[in-house]
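Taking our numbering, the leading residue of the sequence shown gets 494, the next gets one more, and so forth. The C-beta atom is built at its ideal place from N, Cα and C for all residues, glycine as well. All of these numbers come straight from a predicted model, not from anything done at the bench. Reviewing the structure listed below.
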Amino acid sequence: MAQRRVKLSWQEALGPETPAPSQDKKPSPRPKSRGKKTDAKRKKRHPNDVKTEQDMDAIAGFDASSSDELDAEIDTFGGAGFVLVDLENEMEELALVATEEGFANIRMGSKPKKNNNKKKKNEKRLEQEVKNVTAKEEKDMKKKEKKIRQAHKLLEMEEEKEEKEVVAGVEKGKKQKKKSKKEKKGKQDTAIADKQESGKVGTTPALKQKAGKNTKKEEKTAPSRGDAKGDDAAQSAKKKKEKKKKGSENQAAELEEKDAPPSKSGADGHSKKSSKDARGNGQATYSEYLDRDVVIRGLEMGGLLQGKLRVNAMYRMDGYVTVDGLSMDVLVKGMQDRNRAFDGDLVAVRLHPESEWKPMNDENGKRSVGSAASKPISSTAGVNQTALHSLWLPSVQTDQCFFKRPPDEESSVDMLKQCMARLNERIKESRCRPTATVVFILAQGNANGFIGSLEAKTRVKDLNSPLSSNDNYAYFNADDLRLPRHIRIPRLQLPDEFISRPLLYSKTMLCFCRIKAWSTRHQSPMGEFVKTVGEYTGIETGISAILSKHGLQSHTLDFDSSILDELDEKYGTSGEKWEVPEDELRKRRDFRQTQIFSIDPYNARDLDDALHIRALNDARTKFEIGVHIADVTHFIEHNSLLDREARSRATSVYLANRVLPMLPRILCEKLCSLQPQVDRLAFSVVWQMNLDGSLVDGVEPWFGKSIIRSCCKLDYGSAQKMLDGVISSDNVDEWEADRRPIPGANPNITNATVIQSVKDLWSIGENRRAMRFDTGAVSLNDVKMVFSLDAKGNPTRYGSYELKDSNRLVEEYMLLANYLVAQQLLRAHGPLAFLRHHPPPITRSLDLALEQLGKSDIKVDGRSTKQLTESLERVRQDCGETTFVIAQALIIKPMKPAEYMVAGNGASPDSWRHYALNIPYYTHFTSPIRRYADVVVHRLLQVSVMGAASSDSPVPENENSGSRIVEFTSVAQNCNEKKMTSKNAEKECDKVFLCAYVQNHGDVEVTGVVLSMGQKSFTVYVLELGLEQRLFLQELQMRGSWNEKTSQLSIRLPVAQVAVEKATEVDDENGNQDAKSKNTTSKPQSDMIKLTFMKQLRMRMSTTKKMPLALTFSVIGEKS
494 MAQRRVKLSW QEALGPETPA PSQDKKPSPR PKSRGKKTDA KRKKRHPNDV
544 KTEQDMDAIA GFDASSSDEL DAEIDTFGGA GFVLVDLENE MEELALVATE
594 EGFANIRMGS KPKKNNNKKK KNEKRLEQEV KNVTAKEEKD MKKKEKKIRQ
644 AHKLLEMEEE KEEKEVVAGV EKGKKQKKKS KKEKKGKQDT AIADKQESGK
694 VGTTPALKQK AGKNTKKEEK TAPSRGDAKG DDAAQSAKKK KEKKKKGSEN
744 QAAELEEKDA PPSKSGADGH SKKSSKDARG NGQATYSEYL DRDVVIRGLE
794 MGGLLQGKLR VNAMYRMDGY VTVDGLSMDV LVKGMQDRNR AFDGDLVAVR
844 LHPESEWKPM NDENGKRSVG SAASKPISST AGVNQTALHS LWLPSVQTDQ
894 CFFKRPPDEE SSVDMLKQCM ARLNERIKES RCRPTATVVF ILAQGNANGF
944 IGSLEAKTRV KDLNSPLSSN DNYAYFNADD LRLPRHIRIP RLQLPDEFIS
994 RPLLYSKTML CFCRIKAWST RHQSPMGEFV KTVGEYTGIE TGISAILSKH
1044 GLQSHTLDFD SSILDELDEK YGTSGEKWEV PEDELRKRRD FRQTQIFSID
1094 PYNARDLDDA LHIRALNDAR TKFEIGVHIA DVTHFIEHNS LLDREARSRA
1144 TSVYLANRVL PMLPRILCEK LCSLQPQVDR LAFSVVWQMN LDGSLVDGVE
1194 PWFGKSIIRS CCKLDYGSAQ KMLDGVISSD NVDEWEADRR PIPGANPNIT
1244 NATVIQSVKD LWSIGENRRA MRFDTGAVSL NDVKMVFSLD AKGNPTRYGS
1294 YELKDSNRLV EEYMLLANYL VAQQLLRAHG PLAFLRHHPP PITRSLDLAL
1344 EQLGKSDIKV DGRSTKQLTE SLERVRQDCG ETTFVIAQAL IIKPMKPAEY
1394 MVAGNGASPD SWRHYALNIP YYTHFTSPIR RYADVVVHRL LQVSVMGAAS
1444 SDSPVPENEN SGSRIVEFTS VAQNCNEKKM TSKNAEKECD KVFLCAYVQN
1494 HGDVEVTGVV LSMGQKSFTV YVLELGLEQR LFLQELQMRG SWNEKTSQLS
1544 IRLPVAQVAV EKATEVDDEN GNQDAKSKNT TSKPQSDMIK LTFMKQLRMR
1594 MSTTKKMPLA LTFSVIGEKS
C-alpha cells in the first residue's frame, strides 16, 4: 500500500515520554545516507507520494496549472518548518516542526510496529481536522503563519550560535585523542553524548546530529597519529583545496573548448553539498528578479540597461548584451550573473562596480576601446551630395513624423543620453569591458522549445534495461550548446519507450522539450517533454527537428478548415470561380495593353512582382518605369481569420526541397500570383527616370490599384542570356517556347520588344547601381547554398548561388519602389509609417576586422561607406577573389540585421536610416505574398492614395494614433522575430542537406582559410560553403605549439595521416608500387603547419557517425 504523508506536531511525533538512555548503552546507529542503497524489503513508493524535492519537481512539471500552487506549498513547508515524514521507513531523521503552539527540535526514531494502529488513527484524525477547517480558521492560520516565519528566523539565529559552540567543543575534543582509531571513535561518541547530557555544548537533539556529522568529518581529515602536526597538515590541505577551488573558476574562463558534461549526481562532493544546502538550508543558487516596476524605473533613469543576450556557442559560460548607445557589448560572465536567462532573451542588467570590469588585455582591444565611441563610420564623407539628392529626391518633412513627448518624458530621454555618454567615457578611460548581472527578463527569446536527447539520471547497464524506479526525472540535453546541461524532465512526462529502454532511446531518438520553470534553488531548469521527433534516419527528421526548434512547425500544418472552406466557396478549389469584378475594372487603372513581364527564379510559383518600361522621347533618354505588385490585400480582409493566421506566420520559409507558405496556395500560387496571359489585380508604382539612372525632378510618382496582364514569365537565366546576346530577336532557340509572348495576342508585344525592354531596364539600372555605390551604398552578400535533388529528394549536387546582372536588374527597381513607398507613407501617416531600418555596424568589431586585414597588408578603408566600398573593390582587383571573399566575410560579421519599425518610435530621423543603402528611409512593399510586413504597407499605402479611411481600414481616422502605433509595433516585432528564425532555419536545413550529400557520396575536400587562432583551437572560413568553423585540436587529435610572442599556433598532423597523404601524392605521380616502397623506407619530410592569418588549408568534410548527424572537418595539409 502506498505510504502517506502527514504533518505532525512535535508532541505527536515524540510520543510517550521515555527515560534518558544509559551511558553504558551503545549510541544509536546513524541513519543511512539517501545516496546509498536502501533495504531490499523497503516498499516501493507511489509516484504521487511526495517525499523528496525531486518528487515535488516531478509533479510541478507534470501539471502546469498547479505548478504555482505546488511551489507555494514547497515554500510553505520549507519556510514555516513543516516536514514530510515517512513514518515506517525512516530510521532516524532530524526535523523541524512548526505548530500553532510554537517550535520544537525533535528526533524521529523508528517506532515499534505495534503502534501502527495508533499512527493510522492519528493520520485519520489529522486528515479529518484539515477537512473541517472553516474559512475563519484559515484566516487565523495565515496570521499565525506570519508569526511562525518570524519565529523561524529567530530560531535559525539561535542554531547558528549553537553550531559555533558545537564546533568549538569538537575542536577541544580532538586534542584529547591519543588511542587507536577504533577506540577513539567510541570515546568521541561517548564524550559528545556526555557533553550533550551535561548541557555544556547544547541540549537540542538537532545539535546532537550536527556534532556527530562534524566529528565524522574531522575523523576523515585528521591523520592517524592525531598530533598537532597532523592537525596543521589537515588545515594546510584544506587551504590548498579551497585555493584550488577558487582558481578553478579563473581556469575555466580561459578554456576554449566547449564545456564538459556535468558530473553524475552524487559523484561530486561539491555538487552534492550545493544541492543539499539549497534544499536544506534555503540558500539560493540564483538571485530573485527585481519587481517589474522597479526595473522599468531603473531603465528610465539609467540605473539599469537593457539589450538582447547573446550566449557564446563555443563557451556557454559567457554571454554578451548589446545596449543601444553603448560603445561595446556588456559581458555577462558565468551562470550566476546570467541568472537563468537564455540566448535571445531581452534582459535588464545591472552593471558591476568598475573594479570588477574585465580588462582588455590585447592591444587591439585596448586601442579599440578608446576609438569605438569617437570614430563611428560615416555615410556622408566623400559623397557628392548633389548626385545623392538627384538619385533619390527626398521630400519628407521629418519634424512632423514624431509624437510630441510630455516634458517629463523628454527629460527622462535626456537623462538617459547623458548617462550613456558618461558610461562611454568611463569605458574609454578604464580600457575595460563592463560586466553585469541579469536582474530581469523583459521578453523571452525562445519560448518554442529545443531539440535534443534524453539521458537517464541513473546509469543504465545495457540497451534493454529499464529506467531505475528511483529516478523521479530524467535529463534532457539540447543540441544547442548554449543551453545548460541536464535539464530535468519529470518521470510522469517521459515517453514509455524511454522508460522501458532509456539507453536505446537516447542513442536513436530525437525529442522536443520546452523550458518550464527555473527556480532560484536549482542549478538547472525544469523542462517539459513535448514530443518525440523521431529516429534520425534522414532529411525529413532533421528538417522537422529544426522547424520545431525555431517555432516554425505551424508553417508545415494546413490552414484552418474554416479558412479553406471560405476560400473554396468564393473562388473554387483551383480559383476557377474567380473573375475580375466589374466594379474593380471601373476603379483601377488598366495596364492590360502595356508590355509587362516578370523575372523570377526558374521554379518560382509565387510571382509577386512584374515590370514595364516605356521610352518617353525619341532620343530614348527619358523613360517611364512601372513596378506592379500582386494586390494581396484585396483577398485578405483586415483582421479576418486568414489575416490573423498570416500575421502569425509573418513570412514564407524557403527550404531546399519545399516552400512553407504564409498564405494558402490558392492565393499565393493562383489568384495573387502574376501568371502570364491572365488578368490579375495589382498595386502599381509608376515613375520617370533619366538614362543615367536618376529620377526626373518635378514629376511625382503615381501610386494606385491596377489590373495587369503579364505577357510572359522570364527567369533569371533567360533574362541574362538576353543581356549577354545569346538570346536575340534573330535567335530565340534558348528561350523556352512556353516562356515567350504568345504570338498574335497583342501585335505591339513580340519577342524583339521584350528583349529590348530587358536591355533598356539594365542600361538604366546599371547606371543607377554605379551611382548608388558612388554615393555611399554598400553591398555585402553572404554565400547562399543551392542543391540539385533527385526524385527521392536526396541531394545530387550542391554549390553557391551566383548572382547575375539579371538579378541586379530586378533588385534596382524593387529598391527604388520600396523607397518611394516609404516616402509616401511618411508624408501621409507620419509617425504611423511602417519602415525598414538598418543600423550602422558595431564600430569596435569593425575596427578590429579592419586592423586584422591591415596586418596582412590588405588595405580596407572603413572611415566612410563610400571608402569602404571602393577599397573592397580594389582588394578584389589587386588581391584576387579569395582575398575579397575573406575580407567581405570579416566585415559582414560586425553588421547588424535590418529590422522593421514604426516611424514614431524612433528617437530622430537618423533612426530611420538604412545604412547599407545609404538612404534616409526605406520599407518593404514588393513581396506581400511571402512577407506580412508588405501587407501592412499595402494597407497604409491604400489609405494614403484614397485620402480617407474606409470603415474596414487598418488606420481609421477616429482611432487614437497611440493605440495604432502599439499595434504596428507588435506586428513589427513579430515580423522581425519570424524573419530571423526563418533565416536561421534555412541555414540549418542547408547543413542537413550537406550531411545527406556527404553521407551518400563520401567525404568531400574543401578549402579552409585561417581567420584566427587560440592556444587550443583555430577558426577557418570554408570557401565553398561560406561557413565559419572553429576547430579544436583535441577533437582533431592534433598537437599544437603556441607562440606567446607572435600569438601564432603551429599544428602537427598525425603521422599516419601524413603518410597516407604522401602515399596519395606519390601514387598520382609514380604509381602505387613506388608509393608503397617510398613510404616504407623514408620518413615524411614535415608534418608541422605554421598557422597564419589567411593561410589556406586542404580540409576534409565528413559527418558524424552517430545521431544527430553534423558536419565535421579535418585538416589534410597546406594548400599549395
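- Linking G1455 to S1133 through their CA atoms gives a straight-line distance of about 23 Å.
- According to the DSSP secondary-structure assignment, I1201 is paired through a beta bridge with R1173.
- About 11 Å separates the beta carbon of I980 from that of G942, a gap too long to meet the 8 Å contact definition.
- Out of A1038, G1035, R1007 and I1032, the CA that lies nearest to the CA of V1023 is found in R1007.
- Within the same chain, Cβ atoms closer than 7 Å to the Cβ of M913 are found at G818 and L819, the five residues on either side in sequence being excluded.
- For the pair D1101 and A1123, the CB atoms are nearer than the 8 Å cut-off.
- Considering only H845, V1178, P1421 and P1387, the residue with the shortest C-alpha distance to S1338 is P1387.
- According to the DSSP assignment, A1238 belongs to no alpha helix (DSSP H), since it is labelled neither H nor E.
- Annotation: the continuous alpha helix (DSSP H) that includes G1258 extends over N1244 to D1267.
- In this structure, C1204 keeps its C-beta atom at 8 Å or more from the C-beta atom of R1232.
- A check of alpha carbon separations from W1180 across D838, L886 and K1277 identifies L886 as the nearest.
- In this chain, A806 is not harboured by any alpha helix (DSSP H), its DSSP state being neither H nor E.
- Residues V1120, V1178, F1418 and T1419 of the same chain have their beta carbon placed closer than 7 Å to that of A1310, with the five preceding and five following residues left out of the count.
- Residue C1165 holds the alpha-carbon nearest to the alpha-carbon of W1071 among C1165, Q1213, A1238 and F1090.
- Spanning the alpha carbons of M1002 and Q1466 requires a straight line of approximately 34 Å.
- Closest in C-alpha terms to I1412, from the list G1397, D1099 and V889, comes V889.
- Between D955 and L996, the gap from beta carbon to beta carbon is short of 8 Å.
- The C-beta distance from L824 to K851 rounds to 6 Å, short enough to meet the 8 Å contact threshold.
- With contacts defined by Cβ atoms closer than 8 Å, A1380 and L1346 form a contacting pair.
- Note on the stretch 1354-1407: whole alpha helix (DSSP H) runs with a minimum of 4 residues are 1358-1372 and 1374-1385, in chain order.
- For C1482, same chain residues with a beta-carbon under 6 Å away, outside a window of 5 residues either side, are I1036, I1039 and L1148 in chain order.
- Here T930 is bridged, per DSSP, to R843.
- In the DSSP secondary-structure assignment, A1108 is bridged to F1116.
- In terms of CA proximity to F991, S961 leads the group L976, H1015, R978 and S961.
- Cβ-Cβ distances below 7 Å link T1416 to N1311, V1314, A1315, L1318, F1327, L1328, R1329 and V1430 in the same chain, with the five nearest sequence neighbours on each side left out; the list follows chain order.
- Bounds of the alpha helix (DSSP H) holding Q1316 are D1298 to H1322.
- Listed in chain order, the beta strand (DSSP E) elements of length 3 or more contained wholly in the stretch 984-1020 are 1002-1010.
- In the structure shown, L1518 adopts coil according to DSSP, grouped into three states.
- The residues K801, L935 and A936, in chain order, have a CB closer than 6 Å to that of L839 in the same chain once the five nearest residues on each side in sequence are set aside.
- Taking L1584 as reference, the option from E1611, M1592, S1607 and A1603 with the minimal CA-CA separation is E1611.
- A straight line joining the alpha-carbon of P1018 with that of N1274 spans about 39 Å.
- Between L1361 and P1390, the alpha-carbon positions lie close to 18 Å from each other.
- The beta-bridge partner set that DSSP reports for C1488 is empty.
- Between V932 and the set I789, Q1249 and K1198, the nearest pair of CA atoms involves I789.
- Taking C-beta separations shorter than 7 Å and ignoring five residues to either side along the sequence, the partners of G1519 in its chain run D1275, V1276 and S1293, following chain order.
- Between L1207 and N1150, the alpha-carbon positions lie close to 22 Å from each other.
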